[in-house]
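**Q** First residue of the sequence shown: 773, per the numbering used here; consecutive thereafter. Backbone N, C-alpha and C fix where the C-beta goes; we use that ideal spot for every residue, glycine too.
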Amino acid sequence: MGQGFDRRETRARSIPTSTAAEKRGCVEATFSDRQRGLPTVQCPNADDLCYSQHTPFGVVNRGCYNMNSNVNVFVCSCNLCNYISFTEMPYIFSNHQEWAKNVEELSRMIHFRKSIYKRMSCLSCYVNTTNTEQIDNDDNAYCLDGNVIKVPSTECPQDEICGVKSRRGTGYIWRGCLKTPLYNYWYALCDSDDCNNDQIVSLLNM
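1. Taking the straight line between their C-alpha atoms, what separation do you get for Asp778 and Ser887?
2. Helix, strand or coil for Cys915 per DSSP?
3. In three-state terms, what does DSSP make of Asn842?
4. Judging by CA-CA distance, which residue of Asp819, Val831, Asn817 and Phe858 is the nearest neighbour of Asp970?
5. Could you tell me whether the segment 861 to 877 touches the segment 950 to 959, using the rule of 3 or more Cβ pairs below 8 Å?
6. Closest to Ala818 by CA distance: which of Lys937, Ile945 and Asp963 is it?
7. Which residue spans inside the segment 855 to 927 form an unbroken alpha helix (DSSP H) run of at least 4?
8. Spatial neighbours of Cys967 within its chain, please: C-beta separation below 6 Å, excluding the five flanking residues on both sides.
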């Protein structure tokens with residue numbers, strides 16, 4: 773299935789589980805490459821983790837992350853590739869090499885579509901409920917699972933790729949075409965105070 777999400781071959785990193793009795797403090801910064809003197813913010817929830825978000829170009833966001841309230845995004849660039857299940861979100865790459873390969877493949881497919889126009893369709897659906905009866909509805913269940921046979925699809929404009937957005941706490945998942953982002957992020961999650969001051973990860977120095 774090309775650049776799509778392959779459950780058989782991919783091994784995601786495990787996500788730390790917060791067991792803190794008190795709210796933790798995390799380094800908070802946007803688009804900063806400084807490693808010292810960064811401000812710290814107290815997270816609003818006891819089960820929050822600290823995170824750093826890296827782009828292929830070395831840009832970083834840092835702050836608090838919550839599995840249930842943060843919106844997570846995954847993108848891909850081939851027909852009907854946005855079928856990653858709700859239960860498999862957020863997707864965390866297992867290592868830097870896997871992430872770099874994903875970014876490289878996304879870039880290649882995007883440039884290919886620009887140079888030789890190729891039609892691309894993505895799964896298109898939306899669910900936003902934790903109500904059991906509504907989740908058991910066939911259409912909602914198909915959308916949550918990413919069923920490529922049952923979920924309707926839509927053709928993307930040339931400047932868009934396939935994407936999935938999810939938020940665990942509200943049962944929210946969205947599938948469709950996206951203009952941004954055009955690549956996936958490298959996320960580092962940790963569960964102690966000010967632990968998210970890791971070095972910037974950039975494809976330029978890998």
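**A** On the basis of the supplied data:
1. Only weak support is given to the placement of Asp778: the predicted model assigns it a pLDDT of 46, under 50, and the value that follows is read from those uncertain coordinates. Rounded to whole angstroms, Asp778 to Ser887 spans 26 Å at the Cα level.
2. helix
3. coil
4. Val831
5. yes
6. Asp963
7. 868 to 887, 904 to 907 and 910 to 917
8. Cys822
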